[in-house]
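S.K.: Quick one: structure below, then a few questions.
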Ligand SMILES: Cc1ncc(COP(=O)(O)O)c(C=O)c1O
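Residue numbers (my numbering): 2 to 435.
What follows is the structure, encoded as structure tokens:
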């Protein structure tokens, strides 16, 4: 090629959540049985969609209108339905024009950061869901700017750190939070949400709240969406059906815009997000059309409650197994279906290993972990994968300096969950000695 085609650094940011799957698939070919504790797709983990939900999808598939483009913002009846749900809480008030549908939140995330000026920065939690940091830092062509979630305190945000970033970095124009959180499973206390809103108000910032797991909370937690506490601060909430229905293959999510019309700069930004959707015409029609019927179905709430109680059980089994291991910072999760576990600083190094009986598997893994620049937790998860078949994700790939791992809580069988996390706990002890 006459010229370089890609941006400097392109391709260097890898998405470890997916990367490890490639490695696990190679190991599978060598006969290693894999437990997929890495990916947040309930369907892959055996969730069976109830017949009544499938019937709703079939009904929509038989309707001729479903095959057309829809409004750029999304199907009006669905936006009206969502609008009513949000307004009924008594917090932020929206109209159907404050909602824009996307082809999954991945699409929304790309457009929300992609429409910012390069020099305008959004403050992110650390650790955080990689799609946000990659979207924001990819657009800014700079490393993400993050506030700390406290591994030693339930992964709650360090508000002092957050406030200092905002105070001393005038490029920060927005604060992002994920509630309930991926990768930590933490649910933001309402006082913390209020404090973040107050900081945004004081420094004239807007808020991005990823609430894709908003209705998946347990251990007695209550859902507090940002719309409840936002007051007059401009904000964007992100919601979707990938995790809740769950229908990740639908590629269907939406944003709700709060306090449009109060700040000309924010309005211009929201309009530019809408324009980038307009350039694609619209998002996929069929899943949008099913939302009102699915969410108002008489069995929807009990179906969701049954799944949530399962996540609660798996969360507590996982917590009880891992908290016994000295040197691990383990927090009980209260929402979503992930747990982030950090090693105490300095516990992992680049000489630890586990015995691997199969010589081909051993050669493959050693080739990977000995590559220059491999983080100690990546080394750890690859050895765990090869020695046990348990596939987990290194925590350092979630924009954090912490070394550790993230697991999902989607195992359906309690006994299997206990077996997996007892095995993992034993192997961690062995690894730390090695
Ligand atoms: C916090 C968070 N936001 C957004 C997404 C992406 O959702 P979607 O399937 O709608 O693209 C995920 C997926 O795992 C997620 O964990």
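In this text, a Cβ means the ideal position worked out from N, Cα and C, and glycines have one as well.
(1) Is the CB-CB distance between residue 400 and residue 355 below 9 angstroms?
(2) Going by DSSP in three states, residue 111 sits in which element: helix, strand or coil?
(3) List the whole-angstrom C-beta distance separating residue 89 from residue 122, where the pair is believed to meet the contact cut-off of C-beta under 8 angstroms.
(4) Could you please give the first and the last residue of the uninterrupted alpha helix (DSSP H) stretch that includes residue 163?
(5) Going by beta carbon distance, what residues of the same chain come within less than 6 angstroms of residue 75, once the five residues before and after it are set aside?
(6) Does DSSP classify residue 196 as helix, strand or coil?
(7) Buried or exposed, going by whether 16 or more other CB atoms sit within 10 Å of the CB of residue 62?
(8) Do residue 39 and residue 318 have their CB atoms nearer than 9 angstroms?
(9) Out of 53, 151 and 136, which one is the CA nearest neighbour of residue 298?
(10) By DSSP, does residue 138 sit in helix, in strand, or in coil?
(11) Roughly how many whole angstroms lie between the Cα atoms of residue 43 and residue 381?
(12) When every heavy atom of ligand 1 is checked, does at least one fall within less than 8 angstroms of the C-beta of residue 110?
(13) Mind checking who residue 237 pairs with in its DSSP beta bridge?
(14) Can you give the beta carbon distance from residue 167 to residue 124, rounded, assuming they're within the 8 angstroms contact cut?
(15) In the DSSP output, which residue or residues are listed as bridge partners for residue 150?
(16) Quick one: complete alpha helix (DSSP H) runs, 4+ long, within the segment 295 to 378?
M.R.: Considering the structure as presented:
(1) Going by C-beta atoms, residue 400 is not nearer than 9 angstroms to residue 355.
(2) In the three-state reduction of the DSSP assignment, residue 111 falls in the helix class.
(3) That pair is no contact at about 35 angstroms.
(4) Element bounds for residue 163: 160 to 169.
(5) The answer, listed in chain order, is 102 and 289.
(6) Look at residue 196 here: in three-state DSSP terms it is helix.
(7) Classification for residue 62: exposed.
(8) No. Outside cutoff.
(9) Nearest option by C-alpha distance: 53.
(10) Collapsing the DSSP output to three states places residue 138 in a helix.
(11) Distance between the alpha carbons of residue 43 and residue 381: 25 angstroms.
(12) Answer for residue 110: yes, Cβ within range of ligand 1.
(13) Residue 237 is bridged to 209 and 258.
(14) Contact flag correct, Cβ pair sits at about 7 angstroms.
(15) Per DSSP, 158.
(16) Positions of the alpha helix (DSSP H) runs, each at least 4 residues long and wholly inside the segment 295 to 378, are given as 301 to 323 and 360 to 370 in order along the chain.
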